[in-house]
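Per numbering that gives the first Met the number 0, numbering through the sequence shown is continuous, rising by one, with the last residue being 147. Glycine residues also receive a C-beta, built at the ideal position from the N, C-alpha and C atoms.
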Amino acid sequence: MGFSILVPLNDSVSSRGLVNFLINMSICPDSEITFVHIFRKPSSGEELMGKKFMGELPVRMQEMLEKARQRLVEEKGFDPGKIRIELIQEPYPTITEGIIDYYNQGDFDMVMIGRKKMSKQEEFVLGDISIKLIRALGKTAVLVVKTG
Numbered sequence: 000m001g002f003s004i005l006v007p008l009n010d011s012v013s014s015r016g017l018v019n020f021l022i023n024m025s026i027c028p029d030s031e032i033t034f035v036h037i038f039r040k041p042s043s044g045e046e047l048m049g050k051k052f053m054g055e056l057p058v059r060m061q062e063m064l065e066k067a068r069q070r071l072v073e074e075k076g077f078d079p080g081k082i083r084i085e086l087i088q089e090p091y092p093t094i095t096e097g098i099i100d101y102y103n104q105g106d107f108d109m110v111m112i113g114r115k116k117m118s119k120q121e122e123f124v125l126g127d128i129s130i131k132l133i134r135a136l137g138k139t140a141v142l143v144v145k146t147g
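Here it is, written out as structure tokens:
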């Protein structure tokens, strides 16, 4: 019997490291993996990037999720039918809230998340999604993959 694993991704070094880790990890072939990208409400800086940039974002994130699925299929031999991808475009106030909400709507055994190295100051100002998930999802396994 395989596990159902939720893997939130974005277009970052830590997410690419997470996919690399997943490819190199021993996983039961019956496991189901859900790659999800959750949008948050745009910051004022992102809104300054313009409507064209913001309009292209869903397409870029969909391509990123498809690429992660394709890597698992080609490099790990996963059944493409066992890898779901979801693009949650309804923005959440924070990514953490979106992940928790999506987790609660599904039936997952584990959440895997990438974590970049942050200074104490960055962690204080920005918060740490992985710590928030560990606290909020106390009844499930949360695997935090530390990347560069």
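| Asked | Found |
| --- | --- |
| Where F38 and L71 are concerned, what is the direct C-alpha to C-alpha distance, given to the nearest angstrom? | 23 Å |
| In the DSSP output, which residue or residues are listed as bridge partners for F38? | Answer is none; F38 lacks a bridge partner. |
| Counting only the same chain and skipping the five closest in sequence on each side, list residues whose C-beta sits under 7 Å from that of L86. | H36, P57, M60, Q61 and L64 |
| How many angstroms separate the CA atom of D155 from the CA atom of P7? | In the structure as shown, the chain starts at 0 and stops at 147, and residue 155 therefore has no counterpart that could be examined. |
| So, with DSSP's three-state summary, where would you put G16? | helix |
| Taking I84 as the reference, give the member of D127, T33 and L136 with the closest Cα. | T33 |
| Quick check on DSSP: helix, strand or coil for G1? | coil |
| Can you tell me whether DSSP reads D100 as helix, strand or coil? | helix |
| Report the option in S25, Y101, E96 and T95 whose CA atom is closest to the CA atom of G76. | S25 |
| What's the C-alpha gap between N19 and S129? | 18 Å |
| If you draw a straight line from the C-alpha of I98 to the C-alpha of K131, how long is it? | 10 Å |
| Drop a sphere of 10 angstroms on the beta-carbon of F123, count the other beta-carbons inside from all chains shown, and report buried for 16 or more, exposed for fewer. | Summary for F123: the model assigns pLDDT 48, below 50, so the residue's position carries little reliability; its value from the coordinates is reported in the next sentence. With fewer than 16 other Cβ atoms within 10 Å, it is exposed. |
| Just the C-alpha distance for V144 and L5, rounded to the nearest angstrom, thanks. | 13 Å |
| How many angstroms separate the CA atom of C27 from the CA atom of L21? | 12 Å |
| Helix, strand or coil: which one does DSSP assign to I22? | helix |
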